[in-house]
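Colleague: Sharing a structure here in C-alpha cells format.
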Amino acid sequence: MSTAVKTQKLTMVQAITDAMATMMREHDDILVLGEDVGKNGGVFRATDGLEAEFGEKRVIDTPLAESGIIGTSIGLAMNGFRPIAEMQFLGFIYPAFNQIMTHASRIRSRTLGTFTVPMVIRAPFGAGVRAPEIHSDSVEALFTHMPGIKVVIPSNAYDAKGLLIASIEDPDPVLFLEPMRCYRSHKLEVPEEKYTVEIGKGARLQEGDDITLIAWGAMVDVIKKAAKEIEEEEGIHCDVLDLRTLYPMDRDLIAESVQKTGRAVIVHEAPGTGGVGNDVVSLINDTSFLYMRAPIKRVTGHDTPVPMCAIEDDYLPNADRVKQAIIETVRF
Amino acid sequence: METQFPMKQILNEDGIVVNSEYESQMTEELTKELYVMMLRARMFDRKSVNLQRQGRIGTYVPFEGQEAAQVGSSLVLEEGDWMFPTYRDHGATLTYGHSARNLFLYWKGYPMGCVPPEGKNIFPPAVPIASQLLHATGAAWAEQMKGTDRGSIVYFGDGATSEGDFHEGLNFASVYNAPVVFFNQNNGFAISVPTEKQMKSKTIAQKAVAYDIPGVRLDGNDIFVVYFETKKAMDRARRGEGPTLIEAVTYRYGAHTTADDPSKYRDQEESKRRRETTDPLLRLERYLQNKGYFEESWKAQVEEEITKEIEKAVEDMEAYGPAEPSDMFTHVFETPTWSVQDQYDAFKARVKEEV
Ligand SMILES: Cc1ncc(C[n+]2csc(CCOP(=O)(O)OP(=O)(O)O)c2C)c(N)n1
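Here it is in C-alpha cells:
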C-alpha cells in the first residue's frame, strides 16, 4: 500500500449501498428498482439515500410484483439500461423464478448474442436473524442449476462492495445474494473509490495443512470459529475458504487446497440434498480424487423447510457440528 | 371509474346512519356483538404489540384501525366456510374462532402457531403476497363440486393486487364461478409505497370489471357496511352465483410491522389525526351512544372479560413450554424419507450428547 487509499469503516449493508452509489455516479444508465427501495431506502436500508441523491427516475419504488420487476428489468437491460433489481427477500423471488429461468438466463444464447441482459438481482437471504416464516430460505442451488446466470455471495463488507461493482459491470445477469446475518455483524475498512473483486474467485482466509473448510455467506463466520476452536482444542490446522462466487466456482483454489490437505468439510445452511455442497464434492472428485485421504463431509441445513424462528438454531449448522465433522474426517 | 364504484357507507364518521337499506337488521344485539368483537380484536392487537416490546414474542404485524374490515367480514362466515388470511388478519381469524394462544405462539416463532382449532378451516397466514387468492379459489371450487353451500373468504392488501396471483385468482374464480369472496383491505400503503404508486386505477373494486364479477367499494371503517355487504356477497356465492371482489377502504395507524419505522414515509401527525375520523371503534361507540345502547359500566364489564381471556391466552402461550425442534422433521412428509430420517436421527444423537 504505497499510495494511500482513502477508506471508511462500513458494515456490509453500507458497503452495498456504497457500491451502488459509486457506480450510479459514474453511469447514468444504472437504475435501482424494487419494493420500498425509494423513500424507505429498502427494508434493510440497503438503498438508503439513493433516491435522495439520484431521484425517483433512477431509484424506483415499483408495484409489488416480483415477476413484474424482473420481467421489466429484462426489457430495460436489453434496451440500454443496467438495472439493479432488489428482491425484498430471497424467499419472495419465487414469483419471478419463471422470468429468470425462462428469459434472463438464456436470452444471450437464444439470440446468439444479439440481445443480452446485463442486470443484477440483489436479494437478502438466510436464517439466523429471527425473521418470520419464509423470509429465511437459502435457495442458492436453484440458481446455480440455472444455466446462464452467475451467483455471487459476499460474506463481508470489503468483498461486498468489490463483488457488487464487478456484478454491475458484468455483461450477463448476476444474482447477488446478501446474507442477512452478515449485514451488520461487523465493520471493515472499505475503500471509498471504485474497485472490484473478481467474480469466480474465492478467498483463502486462513492457511492450514490438515483439512480444508469450505463455505460461503453467513457460514463463513461459522467455519472461521470452528477452525479457531479446533486448533486450540485439538491442534488441527484448517485451510479456510470463502467461495464468494458459487457459479462459476473457483475450481483452482479448491483443488489447490484439498491437494495440500487431503481432506475437506463443506458447510452450507441450505438443505443437503441438491445443495451446492454436492457440486463442490464433484469438483474435488474431478480434480483431486487421488489426493484425498478421507471421504469429504458436508454439514448442511436439513431437508426440511427452514423452520419458524423459535427452532431455527436447531436447523442451522453451527461451529460444534463443524468441529465434529472435522474430527471425524481427520480421524477417518 | 371512481364514480361507477362509489364508496358505500351506512354509518358516517359521527356515528349517524346515512343509508337505511339494512336498518331493520341493525338490532341492538348485533350492534353490541360487532362492538365487542372489534374491541376484542383491538385489545388482542395492543397486547401483542406490548408483548413484542417486552421481548415476549418476536416481530409482530399490527392491524389497529382495520378492526371493522376484519371483524365485520369474518362474522358472516358459517361453520365449514374457509378462511385464507394474511399475516395481518388476526382480527379476522380470532373472530372466526382461531385460538388466541396459537396466534401468540405464531409470533413467538412456534410452528404450533399455524394450527387452527379442530374443525376450523383457517389456513396459516399467507406470508408471500397474493399467493392465497388461488388457494381460496381452489377450496371454494371444491365446495362447489361437492355440492355444498360453503365458500371461501380471502384477505389481501392493496399491494397484493399488483401480483400476478391476484389476477389469476380472480380469473379462475370467475371462469369456474367459484363461491369465493375476495376481501381487500386497502389501507393505503404496501409497507412504504402509497396506493398511487402501486396502481393508476383509482379504486380496487373496478378491477372486477375485467373478470366480469361484481366489484364493491366500501368504507372499511364502517362495520355495518362491511358486515352487510360481505354477507350479501357470501350469500350470493352460496346460491351459486359466483365470486365478488370487495374493496374495504381503511387505515392502519401503526407501523407495517414492529420492525418498521413509518416516520420514514408517512406523516405521523396525520396518522394521529385520522383517529378522529376513521377509528371504527369510536364510530360504532358514537352510534351506540346515539341509540342509547351504550353504558360505561357495560363497556367496563366487557373489557374486563376480554382482558381475562387475553391474559389467559398469554399465560397458556408462556406455559406452552419450549418449541419442539422435532416438529421440523416429523411433519415434512407423512412418512419421512431416508434423508429426513437420517438427519433426524443425527439430530437426536447430537441433542442427547449435549445433555
Ligand atoms: C411475494 C412477496 N413479496 C414481498 C413481500 C414482502 N412484503 C411483506 S408485506 C409487503 C407489503 C404488502 O402490502 P399490502 O399487500 O398492501 O398489505 P398490507 O401489509 O398493507 O396489509 C411486502 C412487500 C412478501 N411478503 N411477499
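Listed in order, the protein sequences are those of chains A and B.
Taking my numbering, the leading residue of the first sequence gets 82, the next gets one more, and so forth.
Taking my numbering, the leading residue of the second sequence gets 19, the next gets one more, and so forth.
The beta carbon of each residue, even a glycine, is placed where N, CA and C say it ideally should be.
In angstroms, rounded to a whole number, what distance separates the CA positions of residue 341(B) and residue 191(A)?
Modeller: Translated into positions along the second sequence, residue 341(B) becomes position 323. Translated into positions along the first sequence, residue 191(A) becomes position 110. Distance between the alpha carbons of residue 341(B) and residue 191(A): 50 Å.
Colleague: Give a yes or no on whether 7 Å exceeds the smallest Cβ distance from residue 180(B) to chain A.
Modeller: As a first step, residue 180(B) is located in the second sequence; it is residue number 162 there, counting from the start. Yes, contact with chain A.
Colleague: Considering only the alpha carbon of each residue, which of 301(A), 281(A), 257(A) lies closest to residue 267(A)?
Modeller: One-based indexing of the first sequence puts residue 267(A) at position 186. It is 301(A) whose Cα lies nearest to the Cα of residue 267(A).
Colleague: Flag residue 114(A) as yes when its Cβ comes closer than 6 Å to any non-hydrogen atom of ligand 1, and as no otherwise.
Modeller: Residue numbering aside, residue 114(A) sits at position 33 when the first sequence is read from its first letter. No, Cβ of residue 114(A) sits at least 6 Å from all heavy atoms of ligand 1.
Colleague: Using a Cβ distance threshold of 8 Å, determine whether the region 151 to 168 of chain A contacts the region 194 to 208 of chain A, with at least three qualifying pairs required.
Modeller: Contact holds: three or more Cβ-Cβ distances are below 8 Å.
Colleague: Say whether chain A places a C-beta atom closer than 7 Å to the C-beta of residue 215(B).
Modeller: Translated into positions along the second sequence, residue 215(B) becomes position 197. At least one chain A Cβ lies under 7 Å of residue 215(B).
Colleague: Distance cutoff 7 Å, beta carbons only. Does residue 146(B) sit that close to anything in chain A?
Modeller: Here residue 146(B) refers to the residue found at position 128 of the second sequence. Answer yes: the Cβ-Cβ gap between residue 146(B) and chain A drops below 7 Å somewhere.
Colleague: Looking at residue 142(B) and ligand 1, is the gap between the Cβ and the nearest heavy atom below 6 Å?
Modeller: For the purposes of this step, residue 142(B) is taken as residue 124 along the second sequence, with counting starting at 1. Outside the cutoff, so no.
Colleague: For residue 164(B), count neighbouring C-beta atoms within 10 Å of its own C-beta (all shown protein chains included) and say buried if the count is 16 or more, exposed if not.
Modeller: Translated into the one-based positions of the second sequence, residue 164(B) becomes position 146. Counting Cβ neighbours within 10 Å, residue 164(B) comes out exposed, since fewer than 16 surround it.
Colleague: Answer yes or no: the CB of residue 176(B) versus the heavy atoms of ligand 1, is any distance below 6 Å?
Modeller: For the purposes of this step, residue 176(B) is identified with residue 158 of the second sequence, where counting begins at 1. Within the cutoff, so yes.
Colleague: Does any C-beta atom of chain B lie closer than 7 Å to the C-beta of residue 409(A)?
Modeller: Working through the first sequence from its first residue, we reach residue 409(A) at position 328. False, the Cβ-Cβ gap to chain B never drops below 7 Å.
Colleague: May I have the straight-line CA-CA distance separating residue 279(A) from residue 118(A), to the nearest angstrom?
Modeller: Here residue 279(A) refers to the residue found at position 198 of the first sequence. Here residue 118(A) refers to the residue found at position 37 of the first sequence. If you take the alpha carbons of residue 279(A) and residue 118(A), they lie about 27 Å apart.
Colleague: Kindly say whether residue 370(B), judged by its beta-carbon, lies nearer than 7 Å to any beta-carbon of chain A.
Modeller: What you label residue 370(B) is simply residue 352 of the second sequence in a count that begins at 1. Cβ-Cβ to chain A under 7 Å: no for residue 370(B).
Colleague: Given 8 Å as the limit, is there contact between the region 26 to 33 of chain B and the region 242 to 252 of chain B, that is, 3 or more CB pairs closer than that?
Modeller: With the cut-off at 8 Å, the region 26 to 33 of chain B and the region 242 to 252 of chain B touch.
Colleague: Ignore the nearest five residues each way along the sequence and tell me which others in residue 368(A)'s own chain have a CB closer than 7 Å to its CB.
Modeller: Mapped onto the first sequence, residue 368(A) falls at position 287. Once the five neighbours on either side are set aside, the close Cβ partners of residue 368(A) are 332, 336.
Colleague: Hey, residue 207(A) and residue 262(A): beta-carbon distance below 7 Å or not?
Modeller: Position 126 of the first sequence, counted from the start, is the residue given in the question as residue 207(A). Position 181 of the first sequence, counted from the start, is the residue given in the question as residue 262(A). Result yes, Cβ atoms of residue 207(A) and residue 262(A) sit closer than 7 Å.
Colleague: Check whether the region 95 to 113 of chain B touches the region 160 to 174 of chain B, taking contact to mean three or more Cβ pairs, one atom from each stretch, closer than 8 Å.
Modeller: Counting Cβ pairs under 8 Å, three or more are found: they touch.
Colleague: Please return the same chain residues whose Cβ sits closer than 8 Å to the Cβ of residue 336(B), not counting the five positions on each side in sequence.
Modeller: On the second sequence, residue 336(B) is found 318 positions in, with the first residue counted as 1. Excluding positions up to five away in sequence, the list reads 74.
Colleague: Please classify residue 370(B) as buried or exposed, where buried requires at least 16 neighbouring CB atoms within 10 angstroms.
Modeller: Numbered from its first residue, the second sequence carries residue 370(B) at position 352. With fewer than 16 Cβ atoms within 10 Å of its Cβ, residue 370(B) is classed as exposed.
Colleague: Can we count residue 145(A) as close to ligand 1, meaning its CB is less than 6 Å from some heavy atom?
Modeller: In the first sequence, the residue the question calls residue 145(A) occupies position 64. Yes - ligand 1 has a heavy atom lying nearer than 6 Å to the Cβ of residue 145(A).
Colleague: Just checking my contact of residue 167(A) with residue 203(A) at CB under 8 Å: how many whole Å lie between their CB atoms?
Modeller: Position 86 of the first sequence, counting from 1, holds the residue named residue 167(A). Position 122 of the first sequence, counting from 1, holds the residue named residue 203(A). Their Cβ separation, rounded to whole angstroms, is 5 Å, which keeps residue 167(A) and residue 203(A) in contact under 8 Å.
Colleague: Name, please, each residue of chain A whose Cβ falls closer than 8 Å to the Cβ of residue 210(B).
Modeller: Counting from one through the second sequence, the residue named residue 210(B) turns up at place 192. Simply 117, 119, 120, 121, 142.
Colleague: Cβ-heavy atom distance between residue 122(B) and ligand 1 below 6 Å?
Modeller: In the second sequence, the residue the question calls residue 122(B) occupies position 104. It does not: the Cβ of residue 122(B) is nowhere closer than 6 Å to a heavy atom of ligand 1.
Colleague: Find the residues of chain B that neighbour residue 315(A), judging by a C-beta separation of less than 7 Å, and give them in chain order.
Modeller: Reading the first sequence from its first residue, position 234 is the one you call residue 315(A). Result: empty, since nearest Cβ-Cβ is about 17 Å, beyond 7 Å.
Colleague: Taking only runs of the alpha helix (DSSP H) that begin and end inside the region 217 to 281 of chain B, which ones reach a length of at least 4 residues, in chain order?
Modeller: List check, alpha helix (DSSP H) in window: 241 to 256.
Colleague: Less than 8 Å between C-beta atoms, sequence neighbours within five positions excluded: which residues of the same chain meet that for residue 29(A)?
Modeller: For residue 29(A) there is no data in the structure shown, the boundaries of chain A being 82 and 413.
Colleague: Please compile the residues from chain B whose C-beta is within a distance smaller than 8 Å of the C-beta of residue 218(A).
Modeller: Stepping through the first sequence from its first residue, residue 218(A) is reached at position 137. Correct list: empty, because the minimum Cβ distance to chain B is about 11 Å.
Colleague: Buried or exposed: residue 237(B), going by 16 or more other Cβ atoms within 10 Å of its Cβ?
Modeller: Taking the second sequence and counting its residues from 1, the one referred to as residue 237(B) is at position 219. Looking at its Cβ environment, which holds 16 or more other Cβ atoms inside 10 Å, residue 237(B) is buried.
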